[in-house]
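Chains as they are written, first to last, in the numbering used here: chain A, 1 to 158; chain B, 1 to 636. Using N, Cα and C, we set each Cβ at its ideal position, and we do this for glycine too. Fair warning: this is a prediction, and the values are worked out from it, not measured in the lab.
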Amino acid sequence: MKKLVAGAVLLVASSSVFAEAPGGPNCGWGNMLFKGQSGFVAHFLGSTTNGTSGNATFGMTTGTNGCSVDGKLTYGGKAMVGAMFDEFSADVAVGKGDALNAVAAAYGVSKEDRAAFATLAHQNFAALYTSENVTAEEVATNLETLMKADAQLSKYVI
Amino acid sequence: MPGFSFERPEAMYTTRALVPILIVLFALLPMPTWSAGTAWEQAQASELWQRNEWIKLGHYKPATWPGSWRSQTEDSRFFMAANGAVDPRAELQATLEGFAASAESGDEHAQCRFVARLSWLRGELDLGDLPQPDCAKYREFREQVNATQAVLVFPSYYLNSPSSMFGHTLLRLDPGEADGGSEYLSFAVNFGALVDPNDNGMFYAFKGLAGGYDGQFEVDHYYKKIREYNHGENRDIWEYPLNLTAEETERLIQHLWELRRINFAYYFFDENCSYRILEMLEVARPGLDLTSAFPLTAIPIDTVREVERSGLVRDKHFRPAQGTVLKQRLEGVPPRLRELVIEVSRAPDRLDDADVQALDPATRALLIDSAYKYLRYTQTGVERDPEVAQRSFRLLQALQAQAADLPPPAAQPDPATSPDLSHGSRRLAVGAWNEDGRDYVSLGLRMSLHSLPENRNGFPAGAQINLGNFDLRVEDDGKVDLNRFDVVDILSLSPRDRFFKPLSWAVRTGVERQWTDDREHRVAHINGGVGATRTLWADNRIYGLATARLENNYGFAEPLQPALGLRGGLLFNAGPVILHWELSAEKFANGELRKIADLSHNLRLSRNQALHLELLWRDQQPDDRLAVGLRYQYYY
């Protein structure tokens, strides 16, 4: 029953996905750090059966996936921070990693500039992460502020 | 499916609503049928509908009647002709007519819906000047799924779900060479059953066998798959980049679009996720035949091997599960400091103590990283706890401060242990037995997959996954009899230590022979057990399970008897030999006590051959019996 309710919530949420901030409400956009995998329990059965519940997501065009990462690269990075918040944060702490690289790619950061992006995020960890209750949105905003002030990376944020 | 609403594609309704309008339009306007006419004449001249490409695009398979066809989907949205599902010729004709129809229907136009058909037919026929509908939705999809390369992905065996224990396959579509990050944003193409969230895994397996589910393709970001498999289910992922060209990848994406929201019956054993992926590859590269190797079952890893055999695989990449990463990290921590990992994860302030401060920087960094990873691992699937979040954050801060000292992560696993290099999924066995002076020969066929004493290369250690194991015996007088038939036989022996606390468990059901009342009876049984496993040293394990059993045995006065028992055993590796020794005792409700000692020794001869020596001692009052058997096993 719980799963059913969660599924229904997902459906309702997904219909308003375009009205939400990039990333949508189920991407962990407003999630605090260490929230874990939101929506994971609701999806659990679907995933263990290699199945799909209800609407099969089909790229972005259906708009029913509840976690649309906007195609525009300037917003893509922001959405990716929310989508992989915990993994990204751990990578920022270490200064490298796939999730960090993925966020860079989503911001459209070219391969030559990715090391600079990683260093910027890593060295400014304290500025990005003000407490354990920081949200993905706050971190992304802090990150973009840093990028804007950086000669090499400012071109990736408008 | 109760309580579950499929979003019906608005396309269907619009099309229906449009039909009368279109008829009127057709009657009024001069129709551009001349081009369809000539194209159709050309198609008829070469009997184009018989071509392999068309057959694959329509998912046609030979039907019972020779020369007849039936598509694997009966979804009317996939066909232009009313009888398109059984008539490739009519479908081709209707498709050509659809292409030539007036462009106003936009996204619903045949050219927009059947982009792969259009692209193939353009190459085969002179289609003339077709109307040019605005395919806005497809354009958007194509911009999103902007790939030139494809990767076959195998999330490894997952014993905790009946439907995932054989693993899974999906495709990933990359815009360029993967660079450790950008593939997170790639799209994953997954064929799955549309499940009812109220069905449990076991029910799913049964319903899946009968084709009770519809399956559809799903296209979603790969990072979600990473979360789902690597993090949520703690499964390693193996990725096999394919050598599809940009053009072949394009064809795959075009066909994928044609299959958007198209229902296929989903069968767990054969027409499953892995089978449909093979079909996609056949469309991508015409002339490939991958599916005919799987008339009965399509075990995911066998489909990976088939794709390798066809020369499509150009590389191999390992993406470890969260637990695997943690294990690798912990192996780098000196044993004397492992308890400290747990202490630090519980109280990060420990890091400020003199003894921890005194550690060399690399070890301290490793300690912090391990403690952080361990703490996060324990929180998988758990609600956020503010206190745990605080500790996690403290560790993350410490990690950031000392990141420069962190040694690089442990080496990648040996590609020679990838799952595609495991022994074959099916097994033939022939054995010679002696049981208290009586000789017989055994003939065995196991449909899948792996037992503990067998060559474990490519399998997760401690996982036994068998489905459909038949064993016949031929007595020396020529009499043939059933020795055993295991429907399901799963044993999961994951060791417990201070970091990981998995339960070990077993489930087995089928028919086997048991001595009762001085006669051997064929009995039907179901049994299961739960317990724990410890590592002795290296990868040698000891385990114990408490068991419960239900047996139907006509040797008993009251045939159906429950029993409770214990079983315990050892699993040793000695070079090419693996030993699996097990003792078990079961007490039946009617007072019978059954004691068994089963000693298995498996000598690996090659990847796909083994010799198996078994000593089976059974004590069931009044007598005990000893059987000795030597078996040759061949995997394919």
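Residue i: buried (16+ other C-beta within 10 angstroms of its C-beta) or exposed?
{"i": "Q357 of chain B", "result": "exposed"}
{"i": "S15 of chain A", "result": "In this predicted model, S15 of chain A has a pLDDT of only 29, less than 50, meaning its place in the structure is not dependable enough to derive any value."}
{"i": "Y554 of chain B", "result": "exposed"}
{"i": "Q111 of chain B", "result": "buried"}
{"i": "S38 of chain A", "result": "Any reading at S38 of chain A must be qualified, since the residue scores a pLDDT of 42, below 50, and its modelled position is unreliable; the value itself is stated next. Buried is the call here."}
{"i": "S370 of chain B", "result": "buried"}
{"i": "Y636 of chain B", "result": "exposed"}
{"i": "D98 of chain A", "result": "buried"}
{"i": "K96 of chain A", "result": "buried"}
{"i": "N50 of chain A", "result": "Any reading at N50 of chain A must be qualified, since the residue scores a pLDDT of 48, below 50, and its modelled position is unreliable; no value is offered."}
{"i": "T297 of chain B", "result": "buried"}
{"i": "N31 of chain A", "result": "buried"}
{"i": "G3 of chain B", "result": "Confidence at G3 of chain B is low in this model, with a pLDDT of 33, below 50, so the placement of that residue should be treated as unreliable; the coordinate-derived value is given next. G3 of chain B is exposed by the Cβ-count criterion."}
{"i": "W238 of chain B", "result": "buried"}
{"i": "A538 of chain B", "result": "exposed"}
{"i": "P25 of chain A", "result": "At P25 of chain A the pLDDT is 46, less than 50, meaning the model places this residue with poor confidence; the figure from the coordinates comes in the next sentence. Buried, because 16 or more other Cβ atoms sit within 10 Å of the Cβ of P25 of chain A."}
{"i": "K501 of chain B", "result": "exposed"}
Taking the alpha helix (DSSP H) that residue i belongs to, which residues open and close that run?
{"i": "T324 of chain B", "result": "Q322 to E331"}
{"i": "L48 of chain B", "result": "Where L48 of chain B is concerned, there is no enclosing alpha helix (DSSP H), given that its DSSP letter is neither H nor E."}
{"i": "G123 of chain B", "result": "V115 to E124"}
{"i": "M280 of chain B", "result": "C273 to A284"}
{"i": "L367 of chain B", "result": "P361 to T378"}
{"i": "M147 of chain A", "result": "A136 to K148"}
{"i": "L100 of chain A", "result": "D98 to A106"}
{"i": "V341 of chain B", "result": "R338 to R346"}
{"i": "N643 of chain B", "result": "Residue 643 of chain B lies beyond the stretch modelled for chain B, which goes from 1 to 636, so this question has no answer here."}
{"i": "F88 of chain A", "result": "F85 to V94"}
Thinking residue i and residue j are a contact (beta carbons under 8 Å), I'd like their distance in whole angstroms, please.
{"i": "I368 of chain B", "j": "L340 of chain B", "result": "In fact, because the Cβ distance is near 11 Å, the residues do not count as touching under 8 Å."}
{"i": "R522 of chain B", "j": "V511 of chain B", "result": "6 Å"}
{"i": "Y138 of chain B", "j": "V115 of chain B", "result": "6 Å"}
{"i": "S292 of chain B", "j": "T169 of chain B", "result": "Incorrect: roughly 18 Å between the Cβ atoms, too far for contact."}
{"i": "L153 of chain A", "j": "D113 of chain A", "result": "6 Å"}
{"i": "G637 of chain B", "j": "A557 of chain B", "result": "Residue 637 of chain B is absent from the structure shown; chain B starts at 1 and stops at 636."}
{"i": "A389 of chain B", "j": "F34 of chain A", "result": "4 Å"}
{"i": "D420 of chain B", "j": "F318 of chain B", "result": "Rounded, the Cβ-Cβ distance is 12 Å, inconsistent with contact."}
{"i": "H601 of chain B", "j": "L583 of chain B", "result": "About 16 Å separates the two Cβ atoms, so there is no contact after all."}
{"i": "A463 of chain B", "j": "S492 of chain B", "result": "6 Å"}
{"i": "A94 of chain B", "j": "P131 of chain B", "result": "With a Cβ gap of about 16 Å, A94 of chain B and P131 of chain B do not count as contacting."}
At a CB-CB cut-off below 9 Å, which residues of chain B make contact with residue i?
{"i": "N101 of chain A", "result": "D179, G180, G181, S182 and Y184"}
{"i": "M84 of chain A", "result": "Y184, Y223, I226 and R227"}
So with CB distances below 8 Å, who are the chain A contacts of residue i?
{"i": "Q379 of chain B", "result": "F34 and G36"}
{"i": "N492 of chain B", "result": "Reading the sequence as shown, one finds Ser at residue 492 of chain B and not Asn. Simply none; closest approach about 15 Å."}
{"i": "Q390 of chain B", "result": "E132"}
Check the Cβ of residue i against every Cβ in chain B and list those closer than 8 Å, keeping chain order.
{"i": "T130 of chain A", "result": "The contacting residues do not exist; T130 of chain A stays about 10 Å from chain B at best."}
{"i": "S89 of chain A", "result": "L396"}
{"i": "A104 of chain A", "result": "G181"}
{"i": "K111 of chain A", "result": "D179"}
Run through chain B and tell me which residues come within less than 7 Å of residue i, C-beta to C-beta.
{"i": "V94 of chain A", "result": "L399, A403 and L406"}
{"i": "F125 of chain A", "result": "Q400"}
{"i": "S98 of chain A", "result": "In the sequence on display, residue 98 of chain A carries Asp and not Ser. Ordered by position in chain B, the residues that pass the 7 Å Cβ test against D98 of chain A are G180, G181 and Y184."}
For residue i, which residues in chain A fall below 9 Å Cβ to Cβ?
{"i": "V523 of chain B", "result": "None at all; the shortest Cβ gap to chain A is about 32 Å."}
The beta strand (DSSP E) that contains residue i, what's its start and end?
{"i": "Q216 of chain B", "result": "Y213 to H221"}
{"i": "D623 of chain B", "result": "D623 to Y635"}
{"i": "V189 of chain B", "result": "F187 to V195"}
{"i": "F117 of chain A", "result": "Taken as a continuous stretch (DSSP letters only), F117 of chain A belongs to no beta strand (DSSP E), being part of the alpha helix (DSSP H) at R114 to Q123."}
{"i": "H168 of chain B", "result": "Note, H168 of chain B: premise wrong, no beta strand (DSSP E); not H, not E."}
{"i": "Y266 of chain B", "result": "F264 to Y266"}
{"i": "D439 of chain B", "result": "R438 to H450"}
{"i": "L92 of chain B", "result": "L92 of chain B -> not in any beta strand (DSSP E); alpha helix (DSSP H) instead, spanning P88 to F99."}
{"i": "F485 of chain B", "result": "V480 to S492"}
{"i": "K595 of chain B", "result": "L593 to S606"}
{"i": "E551 of chain B", "result": "N540 to N552"}
Determine which residues of the stretch 394-422 of chain B have a Cβ less than 7 Å from any Cβ of chain A, and write them out in chain order. L396, L399, Q400, A403 and L406
Check each residue of the stretch 354-387 of chain B: if its Cβ is closer than 9 Å to any Cβ of chain A, include it; give the result in chain order. D369, Y372, K373, R376, Q379, T380, G381, V382, E383, R384, D385 and P386
Tell me which residues of the stretch 246-261 of chain B have at least one Cβ-Cβ distance to chain A shorter than 9 Å, keeping chain order. L256, W257, R260 and R261
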